[in-house]
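**Q**
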Amino acid sequence: MRNVTLSGGLEMPLVGVGTFLLSPDDAQASVGEALRAGYRLVDTANAYMNEKAVGRALRASGLDREEVFLESKLWPAFYEQPDGVERAMARLGVDTLDLMLLHHPTRNYMTGYTQLEEALRAGHIRAIGLSNFSVSQLEYVLRRCRVRPEVVQVQLHPYMQQRELAAFLKREGIALQAWYPLGHGDGKLLKEPVFTRLAEKYGKTPAQVILRWHLDAGHGFVVGSRDRAHLREDLDILDFSLTEDELAEIAALDRGYSYSFTTQAMLNTYSLFVPPVAEQK
Ligand SMILES: NC(=O)c1ccc[n+]([C@@H]2O[C@H](COP(=O)([O-])OP(=O)(O)OC[C@H]3O[C@@H](n4cnc5c(N)ncnc54)[C@H](OP(=O)(O)O)[C@@H]3O)[C@@H](O)[C@H]2O)c1
1150 MRNVTLSGGL
1160 EMPLVGVGTF
1170 LLSPDDAQAS
1180 VGEALRAGYR
1190 LVDTANAYMN
1200 EKAVGRALRA
1210 SGLDREEVFL
1220 ESKLWPAFYE
1230 QPDGVERAMA
1240 RLGVDTLDLM
1250 LLHHPTRNYM
1260 TGYTQLEEAL
1270 RAGHIRAIGL
1280 SNFSVSQLEY
1290 VLRRCRVRPE
1300 VVQVQLHPYM
1310 QQRELAAFLK
1320 REGIALQAWY
1330 PLGHGDGKLL
1340 KEPVFTRLAE
1350 KYGKTPAQVI
1360 LRWHLDAGHG
1370 FVVGSRDRAH
1380 LREDLDILDF
1390 SLTEDELAEI
1400 AALDRGYSYS
1410 FTTQAMLNTY
1420 SLFVPPVAEQ
1430 K
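For the working numbering, add 1149 to where a residue sits in the sequence shown, where the first one is 1.
1. How is histidine 1273 classed by DSSP in three states: helix, strand or coil?
2. At what residue ranges does the region 1153-1223 contain a whole run of the alpha helix (DSSP H), taking only runs of 4 or more?
3. Let me confirm a value: alanine 1237 is counted as buried when at least 16 other C-beta atoms fall within 10 Å, else exposed. Which label applies?
4. In the DSSP assignment, find the unbroken alpha helix (DSSP H) run with alanine 1356 in it and report its ends.
5. Would the beta-carbon of threonine 1255 be found less than 7 Å away from any heavy atom of ligand 1?
6. Which value, in whole angstroms, describes the spacing of the CA atoms of aspartate 1335 and tyrosine 1408?
7. Using the C-alpha atoms, what's the distance from leucine 1305 back to tryptophan 1224?
8. Tell me which residue opens and which closes the alpha helix (DSSP H) that leucine 1391 is part of.
9. Identify which residue in Gly1405, Phe1227 and Gly1181 has its Cα closest to the Cα of asparagine 1195.
10. Taking glycine 1322 as the reference, give the member of Met1150, Leu1155 and Arg1151 with the closest Cα.
11. Considering only the alpha carbon of each residue, which of Ser1374, Arg1375 and Ala1348 lies closest to tryptophan 1362?
12. Tell me whether phenylalanine 1344 is buried or exposed, calling it buried when 16 or more other Cβ atoms sit within 10 Å of its Cβ.
13. Would the C-beta of serine 1280 count as close to ligand 1, meaning under 7 Å from any of its heavy atoms?
14. Taking 8 Å as the cut-off, decide whether the C-beta atoms of glycine 1278 and valine 1301 are in contact.
15. Can you give the Cα-Cα distance for valine 1431 and leucine 1338, rounded to whole angstroms?
16. Just the Cα atoms here: how many angstroms apart are glutamate 1229 and arginine 1293?
17. Let me confirm a value: phenylalanine 1410 is counted as buried when at least 16 other C-beta atoms fall within 10 Å, else exposed. Which label applies?
18. Give the range of the alpha helix (DSSP H) segment to which aspartate 1383 is assigned.
19. Is DSSP giving glutamine 1304 helix, strand or coil here?
20. Measure how close the beta-carbons of tyrosine 1262 and valine 1303 come, nearest whole angstrom, since I'm counting them as under 8 Å.
21. Using 8 Å as the threshold, is the C-beta distance between alanine 1268 and valine 1234 below it?
22. Which residues does DSSP list as the beta-bridge partners of phenylalanine 1370?
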């Protein structure tokens, strides 16, 4: 497993498994299978409503807590709650979280960020970060924070390569983690001729070529799957690498295309929506 050393010294695996849109049963099965396959980073969120199930999968794995890098995301409605992080830890059934991200840059994000700083100071979390923040929002946080964010998670795949943000994060020494690394499984992306050709050349699948591109482009990712064979395949990407010419060819696929769409009006509703986290299975 390949790691990146975060600015605070923590080692974070570059490859992780995500649990977005998975029911508690599916999340437990997927995380359990992923841990058996060798994944050592698990990504969840308050809003995925599966933190309890992720915790069950971790405990059932038989792995020591410190062997798995566990990350979750604080939902905007909880940014004002001093115990939002502790409640997430209780649902997960853990004493510490490796990484907690603010899920979205809603208007109250500095309040949320202060909660993360407090949780870090109290020893509840080992690193803090941000999800779905733009360069200008990151600059704002960096000007005002007491503790710098160590990880930023954003949508990133060959159709949306986030080059400006990636360059900014590199300059700032902040690790980048991609969500939707396979474009949410989009058939058009997976069938791009360049990936079919490179898959043949390297004896891999197009999905493996795309995931390898993420590593060769210099960042990690969290991938989602309900399929045991896919989970194993998605981890088996360390025995080849792409050439400079191949990376340039993939760079040309960038079209700033997003598979999801968030407006300011939607962000405003996120702050008001309280996910019924206590009711989850
Ligand atoms: N921060 C945020 O706001 C945010 C938003 C969205 C997602 N995320 C994170 O990103 C993670 C990944 O998102 P995602 O799962 O929606 O997108 P994704 O990883 O880009 O794509 C998952 C899709 O690709 C398919 N797939 C996986 N491996 C494959 C393979 N080897 N060959 C062919 N198809 C394959 C899966 O189908 P099968 O089940 O059939 O394998 C699934 O349909 C989430 O779980 C979550 O942790 C974060």
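Every residue gets a Cβ at the ideal spot worked out from N, C-alpha and C, and that includes glycine.
**A** Taking the coordinates as given:
1. coil
2. 1173-1186 and 1200-1210
3. buried
4. 1355-1365
5. no
6. 9 Å
7. 21 Å
8. Careful: leucine 1391 lies outside any alpha helix (DSSP H) and carries neither H nor E.
9. Phe1227
10. Leu1155
11. Ala1348
12. buried
13. yes
14. yes
15. Nothing can be reported for residue 1431, as the shown portion of the chain is limited to 1150 through 1430.
16. 17 Å
17. Of the other Cβ atoms in all chains shown, fewer than 16 fall within 10 Å of the Cβ of phenylalanine 1410; this residue is therefore exposed.
18. 1377-1384
19. strand
20. Between valine 1303 and tyrosine 1262 the Cβ distance is about 17 Å, and since that is not below 8 Å, they are no contact.
21. Yes; because the gap between Cβ atoms is below 8 Å, this pair is in contact.
22. Val1164 and Ala1327
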